[in-house]
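Engineer: Each residue of the sequence shown is one higher than the one before, counting from 1 in full-length UniProt numbering. Positions of the beta carbon are idealized from the N, C-alpha and C atoms, including for glycine.
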Amino acid sequence: MILNFRTLKASEIDVKPQTVKENGFSLLLYKNARVDMDVLDETVGPMNWQRKHSRENANCIVSIYDEDKKIWVEKEDTGTESFTEKEKGLASDSFKRACFNWGIGRELYTSPFIWISDSKYIKKNKEGKLALTDKFSVKEITVVDKVIAELEIIDSKGTVVFSTKSKKTTKKEQDKAQEYLNSRAGMIEKLTEYVTGERLEKTLKHFGVEAFWQMTDEQLKEACQKIFKK
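Structure representation (structure tokens):
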């Protein structure tokens with residue numbers, strides 16, 4: 001069985017805030033469960049994949065039927081609870097993670113750190129906490145060999161607020177950018193492979209994220225140092 005899942009379209013990627021400070025804010029790239037289902041339907045057909053949940057929705061198994069071997073091939077992963085709908089969020093997260101294991105949307109692991117230094121999008125809410133006044137989306141994304149090569153983020157009015165595109169880049173700059181992406185993707189892949197179950201939940205909770213790809217570079221380095229220290 002040879003599978004070739006396409007990369008995600010700009011319209012299929014969600015953009016959400018990670019941290020909001022007085023001098024700026026960071027954004028994260030997400031996919032939702034609907035996108036995973038659409039890509040599975042397109043690639044293997046709606047009758048050739050299935051999902052099963054266990055451990056009160058904490059675990060999800062996504063199975064794809066291998067026509068050559070006449071067997072179901074499974075990939076499993078664990079999710080974390082949503083801050084809103086506990087059971088639904090847990091089931092959705094574990095499903096998305098299992099689909100990451102199949103390779104759907106894995107290019108999101110290579111996302112650059114998205115920091116926007118513009119206070120006009122920031123204000124205090126009723127609770128006195130800093131919050132964003134606008135929504136953001138992906139205008140353009142280019143993926144080369146499963147790695148995000150170019151990315152543009154816009155606000156609700158279409159104004160570009162973040163871009164990795166440039167008219168001219170030297171070979172040295174290109175190599176440095178590729179080295180950064182490979183390093184970040186490598187740390188995420190290593191953590192995803194070895195940190196599971198209760199340890200996964202504790203690690204994500206410690207850093208205040210729902211997935212490894214949501215971590216900053218410094219958080220990823222800290223997690224790797226703690227988990228893989230000799």
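Quick check on Lys55: does DSSP put it in helix, strand or coil?
Structural biologist: The residue labelled residue 55 in the question sits at position 55 within the sequence shown. What sits at residue 55 in the sequence shown is Arg, not Lys. Coil at Arg55, not helix or strand.
Engineer: Could you check whether the region 113-123 touches the region 12-30, counting it as contact only if at least three pairs of C-beta atoms, one from each stretch, sit closer than 8 Å?
Structural biologist: yes
Engineer: Alpha carbon to alpha carbon, how far is Glu189 from Thr203? Give it in angstroms, no decimals.
Structural biologist: Locating residue 203 in the sequence shown gives position 203, where the first residue counts as 1. Locating residue 189 in the sequence shown gives position 189, where the first residue counts as 1. The straight-line gap from Cα to Cα measures roughly 15 Å.
Engineer: Comparing C-alpha positions only, which one of Lys205, Lys221, Leu200, Val209 sits nearest to Glu183?
Structural biologist: As a working mapping, residue 183 is identified with position 183 in the sequence shown. Correcting the residue type first, residue 183 is Ser in the shown sequence and not Glu. For the residues Lys205, Lys221, Leu200, Val209, the minimum Cα distance to Ser183 belongs to Lys221.
Engineer: Buried or exposed: which applies to Lys157, given that a residue is buried once 16 or more other Cβ atoms fall within 10 Å of its Cβ?
Structural biologist: Counting from one through the sequence shown, the residue named residue 157 turns up at place 157. The residue is exposed, with fewer than 16 neighbouring Cβ atoms inside 10 Å.
Engineer: If I'm right that Gly79 touches Arg97 with Cβ under 8 Å, what's the distance once you round it to whole angstroms?
Structural biologist: To locate residue 79, count along the sequence shown from 1; it is residue 79. To locate residue 97, count along the sequence shown from 1; it is residue 97. That pair is a contact at about 6 Å.
Engineer: Would a check of beta-carbon distances place Gly128 closer than 8 Å to chain D?
Structural biologist: Among the protein chains of the structure shown there is no chain D, as only one such chain exists.
Engineer: Can you give, in chain order, each stretch of the beta strand (DSSP E) that sits fully within the region 114-198 and has at least 3 residues?
Structural biologist: 114-116, 122-124, 130-132, 136-144, 147-155, 160-163
Engineer: How long is the line joining the alpha carbons of Arg59 and Asp93, rounded to whole angstroms?
Structural biologist: Numbered from 1 along the sequence shown, position 59 holds the residue referred to as residue 59. Numbered from 1 along the sequence shown, position 93 holds the residue referred to as residue 93. Looking at the sequence itself, residue 59 is Asn, so the reference to Arg does not match. Cα-Cα distance, rounded: 9 Å.
Engineer: I need the straight-line Cα distance from Pro46 to Leu8, nearest angstrom please.
Structural biologist: Your numbering for residue 46 matches position 46 in the sequence shown. Your numbering for residue 8 matches position 8 in the sequence shown. Answer to the nearest angstrom: the Cα atoms are 18 Å apart.
Engineer: Taking all protein chains shown into account, decide if Lys230 is buried (16 or more other Cβ within 10 angstroms of its Cβ) or exposed.
Structural biologist: Working through the sequence shown from its first residue, we reach residue 230 at position 230. Low local confidence applies: a pLDDT of 49 at Lys230 is under 50, so the model's placement there is unreliable, with the coordinate-based value given in what follows. Lys230 is exposed by the Cβ-count criterion.
Engineer: So Lys165 and Glu152 are in contact, right, with Cβ under 8 Å, and what is the actual spacing, rounded?
Structural biologist: Position 165 of the sequence shown, counting from 1, holds the residue named residue 165. Position 152 of the sequence shown, counting from 1, holds the residue named residue 152. The pair is a contact, with the Cβ atoms about 6 Å apart (cut-off 8 Å).
Engineer: Leaving aside the five residues before and after Ile104 along the sequence, list all residues of the same chain whose C-beta is less than 7 Å from its C-beta, in chain order.
Structural biologist: As a first step, residue 104 must be located in the sequence shown, where it is residue number 104. If we look at Ile104 and ignore the five residues flanking it on each side, its Cβ neighbours are Phe5, Asp36, Val39.
Engineer: Which residue marks the beginning of the beta strand (DSSP E) containing Glu76, and which one marks its end?
Structural biologist: For the purposes of this step, residue 76 is taken as the residue at position 76 of the sequence shown. Taken as a continuous stretch (DSSP letters only), the beta strand (DSSP E) holding Glu76 covers 71-78.
Engineer: Cβ of Arg106 within 8 Å of Cβ of Lys146?
Structural biologist: For the purposes of this step, residue 106 is taken as the residue at position 106 of the sequence shown. For the purposes of this step, residue 146 is taken as the residue at position 146 of the sequence shown. A contact, by the Cβ cut-off of 8 Å.
Engineer: Locate the alpha helix (DSSP H) running through Val35, then write down its first and last residues.
Structural biologist: The residue labelled residue 35 in the question sits at position 35 within the sequence shown. From DSSP, the alpha helix (DSSP H) with Val35 extends over 33-44.
Engineer: Drop a sphere of 10 angstroms on the beta-carbon of Leu3, count the other beta-carbons inside from all chains shown, and report buried for 16 or more, exposed for fewer.
Structural biologist: Sequence index remark: in the sequence shown, residue 3 carries index 3 (1-based). With fewer than 16 other Cβ atoms within 10 Å, it is exposed.
Engineer: Give me the DSSP bridge partner(s) of Leu27.
Structural biologist: Residue 27 sits at position 27 when you count from the first residue of the sequence shown. According to DSSP, which records beta bridges pairwise, Leu27 is partnered with Pro17, Ile114.
Engineer: Does Thr84 pass the burial test, meaning 16 or more other C-beta atoms within 10 Å, or should it be called exposed?
Structural biologist: Within the sequence shown, the letter at position 84 stands for residue 84. Note that Thr84 scores 44 on pLDDT, short of 50, meaning its location in the model is unreliable and no value can be drawn from it.
Engineer: I think Ala10 touches Ile141, with their Cβ atoms under 8 Å apart; what is that distance to the nearest whole Å?
Structural biologist: Stepping through the sequence shown from its first residue, residue 10 is reached at position 10. Stepping through the sequence shown from its first residue, residue 141 is reached at position 141. Contact between Ala10 and Ile141 holds: their C-beta atoms lie close to 5 Å from each other, under 8 Å.
Engineer: Am I right that Val73 and Ile64 are in contact with their C-beta atoms under 8 Å? What's the rounded C-beta distance?
Structural biologist: As a working mapping, residue 73 is identified with position 73 in the sequence shown. As a working mapping, residue 64 is identified with position 64 in the sequence shown. Contact holds; Cβ gap of about 5 Å.
Engineer: Can you give me the C-alpha to C-alpha distance between Leu90 and Asp77, rounded to a whole angstrom?
Structural biologist: Here the question's residue 90 lines up with position 90 in the sequence shown. Here the question's residue 77 lines up with position 77 in the sequence shown. Distance between Leu90 and Asp77, taken at the CA atoms: about 11 Å.
Engineer: What number of angstroms, rounded off, separates the C-alpha of His53 from the C-alpha of Pro17?
Structural biologist: Residue 53 sits at position 53 when you count from the first residue of the sequence shown. Residue 17 sits at position 17 when you count from the first residue of the sequence shown. For His53 and Pro17, the distance between alpha carbons rounds to 29 Å.
Engineer: Near Ala33, what residues of its chain come up, given a Cβ to Cβ distance below 7 Å and the 5 sequence neighbours on each side ignored?
Structural biologist: Translated into positions along the sequence shown, residue 33 becomes position 33. Ser92, Phe95, Lys96.
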